[in-house]
Amino acid sequence: MRGIQFHKEDRPVYLTGLLVALLNIGIIVSQQYWALLIPVALLVVTMTFLALDKVLYFVIFSTPLSIFYLHPTLKVGFTLPTEPLLFGIMLIFFAKILFKGNFDLKLVKHPVSLAILAMVFWMFVTTLTSQLPFVSAKYLIARIWFVSVFFYLMSRLFQDRKRTYLFFWLYLLPLAAVVIYTVTVHGQWGFTKDASVWVMFPFFKEHTSYGAVLALYIPIAVAFTFFMNWDLNRKLLAGTVLLILLAGVVLSYTRAAWVSLVVAGVAGFMVWIRLRKEILALMVLAFVGALFYFQGDIMQRFEKNDTTSSDDLSEHVESISNISTDASNMERINRWKSAFRMYSERPVFGHGPGTYMFLYAPYQKPSEKTIISTNNGDMGNAHSEYIGPLAESGTLGLVLVLILVYLSIRTGIRAYYKVNDHELKVLALAALVGLITYWTHGFLNNFLDMDKATLPVWGFTSFLVYLDLYGQKKD
Numbered sequence: 001m002r003g004i005q006f007h008k009e010d011r012p013v014y015l016t017g018l019l020v021a022l023l024n025i026g027i028i029v030s031q032q033y034w035a036l037l038i039p040v041a042l043l044v045v046t047m048t049f050l051a052l053d054k055v056l057y058f059v060i061f062s063t064p065l066s067i068f069y070l071h072p073t074l075k076v077g078f079t080l081p082t083e084p085l086l087f088g089i090m091l092i093f094f095a096k097i098l099f100k101g102n103f104d105l106k107l108v109k110h111p112v113s114l115a116i117l118a119m120v121f122w123m124f125v126t127t128l129t130s131q132l133p134f135v136s137a138k139y140l141i142a143r144i145w146f147v148s149v150f151f152y153l154m155s156r157l158f159q160d161r162k163r164t165y166l167f168f169w170l171y172l173l174p175l176a177a178v179v180i181y182t183v184t185v186h187g188q189w190g191f192t193k194d195a196s197v198w199v200m201f202p203f204f205k206e207h208t209s210y211g212a213v214l215a216l217y218i219p220i221a222v223a224f225t226f227f228m229n230w231d232l233n234r235k236l237l238a239g240t241v242l243l244i245l246l247a248g249v250v251l252s253y254t255r256a257a258w259v260s261l262v263v264a265g266v267a268g269f270m271v272w273i274r275l276r277k278e279i280l281a282l283m284v285l286a287f288v289g290a291l292f293y294f295q296g297d298i299m300q301r302f303e304k305n306d307t308t309s310s311d312d313l314s315e316h317v318e319s320i321s322n323i324s325t326d327a328s329n330m331e332r333i334n335r336w337k338s339a340f341r342m343y344s345e346r347p348v349f350g351h352g353p354g355t356y357m358f359l360y361a362p363y364q365k366p367s368e369k370t371i372i373s374t375n376n377g378d379m380g381n382a383h384s385e386y387i388g389p390l391a392e393s394g395t396l397g398l399v400l401v402l403i404l405v406y407l408s409i410r411t412g413i414r415a416y417y418k419v420n421d422h423e424l425k426v427l428a429l430a431a432l433v434g435l436i437t438y439w440t441h442g443f444l445n446n447f448l449d450m451d452k453a454t455l456p457v458w459g460f461t462s463f464l465v466y467l468d469l470y471g472q473k474k475d
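Numbers 1 to 475, taken from this note's numbering, label the letters of the sequence shown in order.
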């Protein structure tokens, strides 16, 4: 019987295996078990070089299931396992561009991409002038790895139809599992509003971010269920996921998510019926004019509304306009006013990216504080994707966000009208509606520092940009 043959070209593989085995033995003998992560990290690095798409699939799948970890000594927090992976992928991605240079320049030159790069550059400038440089630097680095992986690198998945479907499914299915877990825990507490704030922990910190992500993916689930040319089994799976997400968003008691779904649904309907720009402009002008003309009556009605958020869903919806007694609404206004005071003090460069939550306390007025106000910097940010950048990065910070939102929506509409293929057309509209839910939600909350919201926001945007660049044009 012939023995095992060792070929010269296989020696690096055997040597690597021997070194990993010796490393593991040394770790176990020394009882430094945390170091067992080193071989895993080496495996991830190797996979990133040899099978980057597989690593991206793992990141997408694990993002809804990721858990926030705060180091007790360093007081530095990050999300496991996604953020360490994203940081590593970002470094390897940049190294590949530096040494190989084979990146799609058409994507880089797209107006949405230029807006993103301008936003990141201005964040870098305002990090240099930040009142808390370490906080701003960490915030900037996180934004860079989110954008580089979820927008630029993720665009490669959309070159293939099956990979495109996989991009959406790999997030939808674990997200549905998180909703099932949340609803199960919530049921043990009687589905009360008070319990809805925390029952999604540890996968989400609280209910507003949870509701925002569910709203992002509900249009995708609708598209998969009703508008794709698929077999019955896949449609049944998509329909089941849709029902789970709808139950989750209702039981989340997240009013902003409900409003965003209504607004995005109306916007999507307008795109679907090809509403002319002139008519849309007239409708917007009429709406703004009515708001301005009846602003006194509207404010009076808001101030008279004393319905507070409660377990009753109808009362909970009615409490959206209560700005006189509802603690959540009043606290949001308190945060906004504090942000405007911060902006008035430093209107050009702001106080620095990511610094709002640590600096806003002195800008609160005692008369505007609520029962849930705090001075500890541990209860979230400015609760707005628009007002937050205004306080942290000045006037240009807000302008760049508005430009990005406008260009993203315009690109989505153009991509929808450009593509001939039915299924890609449906997905384009669904991704656009999902984005609109987030940017509508952004008036009341901001989650672009969270991997769970950042992946779909930048991923959907990347998908629409890719269709805009390479979608089949109509004859």
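By construction, the Cβ of each residue, glycine as well, lies at the ideal position given by its N, Cα and C atoms.
Find the nearest neighbour of residue i within the set the options, judged by alpha-carbon distance.
| i | options | result |
| --- | --- | --- |
| R156 | F124, L105, L398 and V185 | L105 |
| T208 | G239, R255 and I144 | R255 |
| F146 | L86, L128, T395 and G265 | L86 |
| L464 | L427, T79 and T240 | L427 |
| L429 | R276, V183, F269 and T370 | F269 |
| I97 | V55, V149 and G211 | V149 |
| V250 | R414, V197, I279 and K205 | V197 |
| W258 | K235, I403 and I218 | I218 |
| I403 | M119, F203, A215 and V125 | M119 |
| N445 | G388, F226, L52 and A115 | G388 |
| T164 | M450, A431, D449 and A212 | A431 |
| Y417 | Q159, W272 and Y181 | W272 |
| I67 | I279, E206 and A195 | E206 |
| L476 | I244, Y470, F349 and L282 | The chain is shown only over 1 to 475; residue 476 falls outside these bounds and no answer can be derived. |
| T182 | F167, W169 and F203 | F203 |
| F511 | N375, V222, S367 and M154 | Residue 511 lies beyond the stretch modelled for the chain, which goes from 1 to 475, so this question has no answer here. |
| H110 | Q188, L407, L435 and M283 | L407 |
| H383 | N334, Q364, M283 and E345 | N334 |
| R414 | K365, L467, L390 and L455 | L467 |
| A115 | H441, G442 and T411 | T411 |
| S252 | K193, L216 and L282 | K193 |
| L540 | L243, V419, Y470 and W458 | Nothing about residue 540 can be read from this structure; the chain reaches only from 1 to 475. |
| L359 | E368, I372, E345 and S367 | E345 |
Is the beta carbon of residue i sitting closer than 7 Å to the one on residue j?
| i | j | result |
| --- | --- | --- |
| A453 | F447 | yes |
| T395 | L261 | no |
| E385 | H351 | no |
| G248 | V179 | yes |
| M330 | T370 | yes |
| A509 | V241 | Given that the chain is displayed from residue 1 to residue 475, the structure contains no residue 509 and the question cannot be resolved. |
| L245 | P174 | no |
| D449 | T63 | no |
| S462 | F121 | no |
| Y57 | L170 | yes |
| P347 | S136 | no |
May I ask you to list the residues that DSSP assigns as paired with residue i?
| i | result |
| --- | --- |
| F78 | Y69 |
Counting along the chain, where does the alpha helix (DSSP H) carrying residue i start and finish?
| i | result |
| --- | --- |
| R143 | P133 to V147 |
| F450 | For clarity, residue 450 is Met in the given sequence; the question names Phe instead. Here M450 belongs to no alpha helix (DSSP H), and DSSP marks it neither H nor E. |
| G190 | No alpha helix (DSSP H) contains G190, which DSSP labels as neither H nor E. |
| E331 | A327 to E345 |
| M119 | P111 to L128 |
| N233 | L232 to L251 |
| H207 | H207 to F226 |
| R410 | I387 to K418 |
| K425 | H422 to H441 |
| M357 | Y356 to L359 |
| D53 | L52 to S62 |
| L261 | R255 to W272 |
So, under 8 Å CB-CB, residue i and residue j are touching, yes? Tell me the CB distance rounded to an integer number of Å.
| i | j | result |
| --- | --- | --- |
| V399 | A264 | Rounded, the Cβ-Cβ distance is 23 Å, inconsistent with contact. |
| L140 | T127 | 5 Å |
| M342 | N381 | Their Cβ separation, rounded to whole angstroms, is 12 Å, which puts M342 and N381 out of contact at 8 Å. |
| I220 | F168 | 5 Å |
Would a check of beta-carbon distances place residue i closer than 7 Å to chain C?
| i | result |
| --- | --- |
| G388 | The structure shown contains no chain C, having only a single protein chain. |
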